[in-house]
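Engineer:
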Amino acid sequence: IKELLAANVHLGHFTYEWCPYMKPFIYMKKKGIHIINLNKTISKLHKYCNLLKEIVASGKNILFIATKKQAKFIVEETSKKNNMPYVTERWLGGLLTNFSTFHKSICKLNTLEIEKKTGTYNSLSKKELLMIERIKNKLDENVGSISTMNNLPEAIFIVDIVCENIALKEAKKLQIPIFALIDTNSDPRSVD
126 IKELLAANVH LGHFTYEWCP YMKPFIYMKK KGIHIINLNK TISKLHKYCN
176 LLKEIVASGK NILFIATKKQ AKFIVEETSK KNNMPYVTER WLGGLLTNFS
226 TFHKSICKLN TLEIEKKTGT YNSLSKKELL MIERIKNKLD ENVGSISTMN
276 NLPEAIFIVD IVCENIALKE AKKLQIPIFA LIDTNSDPRS VD
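According to the numbering used here, the residues represented by the sequence shown are 126 to 317, in order.
This is the structure in C-alpha cells:
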C-alpha cells in the first residue's frame with residue numbers, strides 16, 4: 126500500500142467529474158478530490174494480474190494500449206521486454222475490427238525488413254531505395270509496434286478507457302476480454 130500511496134494511485138478525479146458506478150471503490154472525499162480505496166485496488170490488481178499471467182503462460186498475446194504521456198514509456202518498455210504488441214501512439218481505428226487489412230500491412234513491413242537484411246535492395250538505384258525506405262518508415266510508424274501480432278489478441282490491456290474509448294468499443298464488439306486501469310471518472314461496467 127505504501128508504494129501505491131507514493132505513486133499517488135489513491136488520488137482520483139475531482140468530485141464533480143466522478144462516475145457513480147465507482148462509488149464502491151471510493152474511500153472518501155478530500156478537498157474536492159475522491160480518494161480511492163487502496164485495499165480494494167490491491168485485491169483487484171492481484172486477481173487480474175493472475176488472469177493476465179495465465180493468458181501469457183498459455184502463449185497467447187495481450188495487446189497493451191496507452192497513448193497517455195504518463196504511461197507511454199512504461200507500456201512500451203514492458204511490452205518490448207515481454208515481446209507483446211502495444212499501441213502508444215494514436216489508436217488506428219479498425220485495428221481490431223478490420224484486422225485483416227492491418228495484417229496485410231504487418232506482413233508487408235516484415236517482408237521489407239527481411240529483404241533489407243538479406244541484401245535484396247543492393248541492386249536498386251538511390252531513388253528506388255529512398256522510396257522503399259519511406260514506405261517502410263510509414264509502415265513502421267503505423268504498425269511497427271504490433272508487428273508481432275499474427276491474429277487478434279486474446280485480451281487487451283488499456284491504461285485509460287476514457288482516452289481509448291474507440292479501442293474499448295472495438296474490443297467489446299469482438300468480445301475480446303478487456304483489462305484496464307480506470308479512474309473515478311470512468312464506468313467500471315465497461316471493462317471485464
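All C-beta atoms, glycine included, are put in the ideal place defined by N, C-alpha and C. Note that the structure is predicted; figures quoted are calculated from it, not measured.
(1) Kindly provide the ranges of any beta strand (DSSP E) runs that are 3 or more residues long and lie completely inside the stretch 183-242, ordered along the chain.
(2) Please check if any C-beta of chain C sits within less than 8 Å of the C-beta of residue 289.
(3) Spell out the partners DSSP gives residue 150 in its beta bridges.
(4) Flag this pair as yes or no: are the beta carbons of residue 322 and residue 286 separated by less than 8 Å?
(5) Under a three-way DSSP split, which group does residue 257 fall into?
(6) Does the stretch 187-194 come close enough to the stretch 274-282 to have 3 or more Cβ pairs within less than 8 Å?
(7) Judging by CA-CA distance, which residue of 199, 205, 288 and 256 is the nearest neighbour of residue 215?
(8) Should the stretch 224-236 be regarded as contacting the stretch 248-264, the criterion being three or more beta carbon pairs within less than 8 Å?
(9) Can you tell me whether residue 286 is helix, strand or coil according to DSSP?
(10) Going by the beta-carbon positions, is the gap between residue 212 and residue 270 smaller than 8 Å?
(11) Can you tell me the Cβ-Cβ gap for residue 150 and residue 164, rounded? I've got them flagged as a contact below 8 Å.
(12) Measuring straight from C-alpha to C-alpha, what distance separates residue 264 and residue 274?
(13) What's the gap between the Cα of residue 204 and the Cα of residue 198?
(14) Mind checking which residues open and close the beta strand (DSSP E) that includes residue 301?
(15) Quick check: what's the CA-CA separation for residue 296 versus residue 241?
(16) DSSP beta-bridge partners for residue 155?
(17) How close, in whole Å, do the beta carbons of residue 314 and residue 173 come, if the pair is a contact with beta carbons under 8 Å?
(18) Mapping the DSSP letters down to three states, classify residue 281 as helix, strand or coil.
(19) How would you label residue 167, buried or exposed, when you count the other beta carbons within 10 angstroms and need 16 or more for buried?
Structural biologist: A quick look at the data gives this:
(1) 187-190
(2) Within the model displayed, chain C is absent; a lone protein chain is all it includes.
(3) Answer by DSSP bridge pairing: none, since residue 150 is not bridged.
(4) Residue numbering for the chain in the displayed model covers 126 to 317; residue 322 lies beyond these limits and cannot be assessed.
(5) helix
(6) yes
(7) 288
(8) yes
(9) coil
(10) yes
(11) Not a contact, Cβ separation roughly 10 Å.
(12) 14 Å
(13) 10 Å
(14) Unbroken run through residue 301: none, as it is neither H nor E.
(15) 35 Å
(16) 158
(17) Between residue 173 and residue 314 the Cβ distance is about 16 Å, and since that is not below 8 Å, they are no contact.
(18) strand
(19) exposed
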